[in-house]
Every structure is written in structure tokens, then in C-alpha cells.
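**Q** Sharing a structure, written as C-alpha cells. Questions coming.
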Amino acid sequence: MWLVLLGHGTFDGTEAKFNLRGPDLSATDLAQWLDRFRRPVVVINASACSAPFLVKLSRPGRVIITATRSGTEQNFARFGQFISTAIMDPQADLDKDGQVSLLEAYLTAAAGVAEFYESEGRIATEHPLLDDNGDGLGTPPTFFRGVRAIKKPREDAAPDGLRAHQMHLIPSPEERRLPAAVRA
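Its first residue numbered 196, the sequence shown is counted upward by one per residue in the working numbering.
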């Protein structure tokens with residue numbers, strides 16, 4: 196199951212929320228809802244103040260991507276436009292295997308965000324994170340060389356990226372030809 200949150204978020208110092216019409220969706224509420232699922236879950240929160248969602252949602256078997264590394268990064272986040280484009284962009288296929296993995300989309304989108312701020316001469320106000328090992332730490336894109344993690348967020352932490360590199364929203368033509376039982 197993939198859940199992509201595009202829009203704006205807030206953080207009051209205690210609880211992060213994704214803004215909706217009516218009551219906003221808190222990270223705590225979303226974590227409770229998702230705990231019912233016993234299948235792989237991907238959550239991409241491309242909003243401002245999204246980092247606290249990573250901590251609340253992180254579990255084994257999940258890939259969590261946020262547009263920010265802190266709840267205090269509250270300015271408009273551009274990460275959503277870059278990741279939505281990267282998922283279908285052949286140029287984002289960094290390992291040249293004929294399909295774009297979630298890790299490759301994350302890395303490509305993060306590079307696009309960094310390039311945007313640099314080309315505009317602005318201070319970057321969003322710094323994406325990825326967690327796919329369930330430790331809730333998150334790994335920035337600068338900790339990767341290609342699709343390989345070269346650094347960990349903490350000495351005793353497992354590297355992120357392995358699970359996200361195995362997930363593809365759009366399978367390659369070869370994968371689509373495989374029987375469903377083999378693909379599962």
C-alpha cells in the first residue's frame with residue numbers, strides 16, 4: 196500500500212499534522228490507522244513539517260519518506276513535485292535496471308530540491324529523509340553514493356535504502372510479464 200501526502204503540514208512542537216479540510220491528520224492518528232495493516236506500507240509525506248511523521252510511522256516493513264528533517268522546517272515544500280515526476284522519469288533509473296525504485300525516486304527528487312534552492316539563490320528550507328529499516332532515524336540523500344548507503348545516521352544503526360530499492364510503483368516490462376504468483 197502506498198500513501199502519498201501532498202499539501203501542507205504543521206508542527207506545534209509536540210504533534211505534526213497534515214492539513215486537510217476539517218480536522219487535520221496527526222502523525223499519531225495515521226500511525227494508529229496504519230498499524231492495522233500487515234503488508235508492506237509506503238508513506239511519502241511531501242509536506243512542510245513532515246519529519247515527525249517519520250518517527251511516528253517507522254516500523255519494520257515500511258518505507259517512510261519525508262520532505263523535511265525537522266518539524267520546524269515549515270515553509271512550502273517542493274519535494275512533492277520532484278518525487279511525483281521522478282517516479283516516472285527514466286533518468287531517475289540510477290542503476291539502469293529498466294525501472295525506477297522508490298530509493299531512486301527519493302534520491303532524484305532530493306537532488307531536484309537541492310538544485311532548486313541553489314539555482315534560486317535561496318537557503319534550503321527542506322531536507323528530505325528516508326527510513327526503510329524501521330529504526331525511525333531517517334537517512335538524508337547525502338549519505339548515498341548512487342543507490343548505495345555510504346554512511347549511517349548513527350554508528351549502531353542499520354543502513355537505510357535496501358527495502359526502498361526493491362520497491363517500484365511502475366514495474367519494468369520484464370516484471371509485468373511474470374506471473375502474479377512470482378511477482379508477489
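Note that beta-carbon positions come from the ideal geometry of N, C-alpha and C, so glycine has one too. Since the structure is predicted, the reported quantities are computational estimates derived from the model, not experimental observations.
In the DSSP assignment, find the beta strand (DSSP E) that holds residue 450 and state where it starts and stops.
**A** With the chain covering only 196 through 379, there is no way to say anything about residue 450.
**Q** On the premise that residue 198 lies in contact with residue 258, defined as a C-beta separation below 8 Å, what is that separation, rounded to the nearest angstrom?
**A** Looking up residue 258 in the sequence shown gives position 63. Looking up residue 198 in the sequence shown gives position 3. About 11 Å; that fails the 8 Å criterion.
**Q** Measuring only the C-alpha atoms, how far is residue 215 from residue 281?
**A** Translated into the one-based positions of the sequence shown, residue 215 becomes position 20. Translated into the one-based positions of the sequence shown, residue 281 becomes position 86. Cα to Cα, the separation comes out at about 25 Å.
**Q** Alpha carbon to alpha carbon, how far is residue 323 from residue 264?
**A** In the sequence shown, counting from the first residue as 1, residue 323 sits at position 128. In the sequence shown, counting from the first residue as 1, residue 264 sits at position 69. Distance between the alpha carbons of residue 323 and residue 264 is about 6 Å.
**Q** Is DSSP giving residue 248 helix, strand or coil here?
**A** For the purposes of this step, residue 248 is identified with residue 53 of the sequence shown, where counting begins at 1. Residue state, collapsed to three classes: helix.
**Q** Please classify residue 304: is it buried, with 16 or more other beta-carbons within 10 angstroms of its beta-carbon, or exposed?
**A** Taking the first residue of the sequence shown as 1, we reach residue 304 at position 109. Per the 10 Å Cβ criterion, buried.
**Q** Between 296, 244, 204 and 219, which lies nearest to residue 358 when the distance is taken from Cα to Cα?
**A** Within the sequence shown, the letter at position 163 stands for residue 358. Ranking the options by Cα distance to residue 358, first place goes to 296.
**Q** If I follow the unbroken alpha helix (DSSP H) through residue 223, where does it start and stop?
**A** Your numbering for residue 223 matches position 28 in the sequence shown. Element bounds for residue 223: 222-229.
**Q** Closer than 7 Å by C-beta to residue 251: which residues in its own chain qualify, once you throw out the five before and the five after it? Chain order, please.
**A** As a position in the sequence shown, residue 251 is number 56, starting the count at 1. Excluding positions up to five away in sequence, the list reads 222, 223 and 226.
**Q** Near residue 196, what residues of its chain come up, given a Cβ to Cβ distance below 8 Å and the 5 sequence neighbours on each side ignored?
**A** Position 1 of the sequence shown holds residue 196. The residues are 232, 234, 235, 236 and 237.
**Q** Would you mind reading off the limits of the beta strand (DSSP E) that contains residue 204?
**A** As a working note, residue 204 is residue 9 in the sequence shown. Start and end: 204-206.
**Q** Counting beta carbon pairs with one atom in the stretch 268-278 and one in the stretch 239-255, are three or more of them shorter than 8 Å?
**A** Verdict: yes, contact present.
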